[in-house]
Amino acid sequence: MNLFSPEFLVFLVVQHVVWCLLPGPRKRLGILAGSLFFLWRLMPDPGDWLVLGGFLTLTWIALQIPRRLFWGWIGVVVALFVYLKKYTFLNLFLPWEVFDHPWAVAGLSYMLFKWIHVLVDRREGSITRVPWSDYVAYQLTLFTVMAGPIQRFKDFQSWWTDQSPQTTEIHRGWMRILFGLFKMGVLGAGAHVIYREGLDFMDRGHQPWISFWKIFYGYPAYIYFNFSGYCDIMIGAASMFGLRLPENFKRPYLARNMNDFWNRWHITLSMFIRDYLFMSTYKYVATRSSRMASWMSLPLLFLSLTIMGAWHGSTLNYLVFGILHGFGVVATQVYSGALKARLGRAGIKKYMSSRWIECCAMLVTFHFACATFLVFPNGLRETVALARKFLDVV
Amino acid sequence: MADVRTRLQEIFRDVFDDDEIVLEDAMTADDILAWDSLEHINLLIATEKEFGVTFTTAEVSTLKEPDQNVGTFLEMIQSKIS
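So the sequences go chain by chain: B and H. In short: position in the first sequence from 1, add 187, done, that's this note's numbering. In short: position in the second sequence from 1, add 584, done, that's this note's numbering.
Here it is in structure tokens:
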């Protein structure tokens with residue numbers, strides 16, 4: 188279902204009216220039915236639904252016995268995920284026929300991360316109960332199923348088990364939805380036109396420099412307005428039902444370095460990567476050897492960002508995107524460390540409070556982020572071909 | 585609680601290499617220049633060792649949220665050792 192369509196707005200109004208009319212626990216059925224309808228419009232093939240059912244059942248069983256075979260469950264589910272997503276760079280090790288299947292499950296990448304979060308928290312005792320209905324609703328709720336934000340299970344569960352019309356924010360919700368639609372439909376669409384125009388002109392060899400800048404700034408603007416607009420719509424829609432979703436964006440292009448960028452861009456994803464991948468592995472190493480931890484921190488950071496990049500999609504360009512961001516974050520750490528050693532505590536305070544330095548840092552970070560987005564929308568071959576064309580014309 | 589605060593203050597001074605740190609409840613990561621994600625974990629590991637407690641992933645994550653501060657961290661340690 189296209190969010191920028193009358194169908195979605197009518198669906199949302201009907202869903203909200205039905206939800207308000209339904210008594211107490213029946214509200215859950217209303218949300219679940221609406222979510223299944225929403226997902227069915229995205230994924231009408233019965234085969235995909237069978238695979239989704241199998242994935243949810245398998246992952247739910249794992250949650251019931253989280254301490255047994257913890258790494259075994261992680262291995263099996265990640266392997267299943269990689270198989271279903273058809274990661275193309277695995278062609279280097281396996282024949283393509285292995286991945287030749289017709290299934291495409293919507294929102295699977297987000298489901299994997301949400302499952303890992305629940306599994307780890309179940310194992311550590313932070314989550315005590317995961318009933319089937321709560322788990323299915325958590326994974327499939329229409330507000331987060333497509334592309335997040337990645338909400339924590341306990342926050343979702345406390346709303347799911349006690350849905351009350353008293354906590355709804357109808358006016359603010361609609362304002363947020365309209366704002367999101369404006370971002371997606373006007374600003375995002377406008378940026379996409381500029382980006383496409385840049386690609387077309389570059390293809391025909393017209394105005395190479397102007398085309399380059401259109402591509403360079405156009406795509407980052409498009410992806411920001413499109414994705415943050417989508418999040419605004421979903422956060423606004425959820426608030427009409429009393430569900431508070433976490434924010435996903437905080438003016439990312441004003442970040443002063445790449446660490447800061449990931450504290451502002453797709454925040455719920457970077458928090459997940461920080462807590463469940465980087466912190467877990469770093470803590471594992473640091474509790475065993477503090478000396479080893481000091482030199483392992485940078486490779487672990489790099490690895491975390493690389494995995495985060497590869498998670499975005501099954502083609503090689505996403506892996507390269509992750510590697511570039513891994514490089515950016517590691518470079519930030521190294522630079523910060525060198526600055527601290529050189530300037531000392533007082534010098535660092537002065538450095539951090541300088542407006543000029545802040546502006547320069549923001550400009551450099553913004554352009555680095557834009558450069559990494561060059562590989563995001565197209566396969567590596569297309570990106571290299573485009574770069575060659577640009578160099579030929581210039 | 586006073587003893588916990590003193591011991592925690594020593595950990596802060598040691599981890600962030602700053603003998604001038606004086607812990608206050610309202611203090612957050614923004615108040616200590618070196619308090620980034622990496623030092624946050626080092627701080628938690630040192631705290632786990634000192635007090636003989638363990639922080640779960642959910643707790644580690646919670647402590648980095650905007651409404652958390654040294655006061656909530658102290659309360660968490662207190663609840664674990666009592």
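Backbone N, C-alpha and C fix where the C-beta goes; we use that ideal spot for every residue, glycine too.
Shorter than 9 Å from the beta carbon of residue i to some beta carbon of chain B?
i	result
residue 610 of chain H	no
residue 648 of chain H	yes
residue 656 of chain H	no
residue 645 of chain H	yes
residue 629 of chain H	yes
residue 625 of chain H	yes
residue 666 of chain H	no
residue 632 of chain H	yes
residue 607 of chain H	no
residue 642 of chain H	yes
residue 620 of chain H	yes
residue 614 of chain H	no
residue 602 of chain H	yes
residue 617 of chain H	yes
Can you give the Cα-Cα distance for residue i and residue j, rounded to whole angstroms?
i	j	result
residue 269 of chain B	residue 537 of chain B	48 Å
residue 331 of chain B	residue 421 of chain B	7 Å
residue 481 of chain B	residue 451 of chain B	26 Å
residue 234 of chain B	residue 293 of chain B	12 Å
residue 394 of chain B	residue 400 of chain B	10 Å
residue 244 of chain B	residue 212 of chain B	23 Å
residue 656 of chain H	residue 371 of chain B	39 Å
residue 148 of chain B	residue 440 of chain B	The structure shown has nothing for residue 148 of chain B, since chain B only spans 188 to 581.
residue 471 of chain B	residue 626 of chain H	11 Å
residue 478 of chain B	residue 197 of chain B	59 Å
residue 580 of chain B	residue 281 of chain B	39 Å
residue 242 of chain B	residue 288 of chain B	16 Å
residue 466 of chain B	residue 592 of chain H	21 Å
residue 262 of chain B	residue 249 of chain B	12 Å
residue 402 of chain B	residue 620 of chain H	34 Å
residue 239 of chain B	residue 646 of chain H	31 Å
residue 556 of chain B	residue 445 of chain B	8 Å
residue 434 of chain B	residue 455 of chain B	7 Å
residue 177 of chain B	residue 259 of chain B	The question about residue 177 of chain B has no answer here: the residues shown for chain B are numbered 188 through 581.
residue 643 of chain H	residue 427 of chain B	29 Å
residue 596 of chain H	residue 635 of chain H	14 Å
residue 284 of chain B	residue 220 of chain B	37 Å
residue 658 of chain H	residue 374 of chain B	46 Å
residue 324 of chain B	residue 651 of chain H	28 Å
residue 533 of chain B	residue 512 of chain B	30 Å
residue 190 of chain B	residue 217 of chain B	20 Å
residue 609 of chain H	residue 337 of chain B	30 Å
residue 377 of chain B	residue 409 of chain B	8 Å
residue 210 of chain B	residue 192 of chain B	30 Å
Looking at the secondary structure, which residues open and close the alpha helix (DSSP H) in which residue i lies?
i	result
residue 231 of chain B	Looking at the DSSP string, residue 231 of chain B is not in any alpha helix (DSSP H), and its letter there is neither H nor E.
residue 662 of chain H	654-665
residue 201 of chain B	193-208
residue 564 of chain B	Careful: residue 564 of chain B lies outside any alpha helix (DSSP H) and carries neither H nor E.
residue 554 of chain B	542-559
residue 479 of chain B	477-498
residue 447 of chain B	445-449
residue 358 of chain B	357-369
residue 344 of chain B	340-347
residue 416 of chain B	395-427
residue 459 of chain B	454-459
residue 381 of chain B	376-391
residue 327 of chain B	319-327
Hey, does residue i have any beta-carbon neighbour from chain H nearer than 9 Å?
i	result
residue 320 of chain B	no
residue 156 of chain B	The structure shown does not extend to residue 156 of chain B, since chain B spans only 188 to 581, so no value can be given for it.
residue 520 of chain B	yes
residue 474 of chain B	yes
residue 445 of chain B	no
residue 307 of chain B	yes
residue 497 of chain B	no
residue 479 of chain B	no
residue 301 of chain B	no
residue 532 of chain B	yes
residue 345 of chain B	no
residue 535 of chain B	yes
Practice prompt. Within the region 263-308 of chain B, note down every full alpha helix (DSSP H) run reaching 4 residues or more, in order along the chain.
Written response: none
Worksheet item: Where are the beta strand (DSSP E) runs, 3 residues long or more, that stay fully inside the region 623-655 of chain H, in chain order?
Response: none
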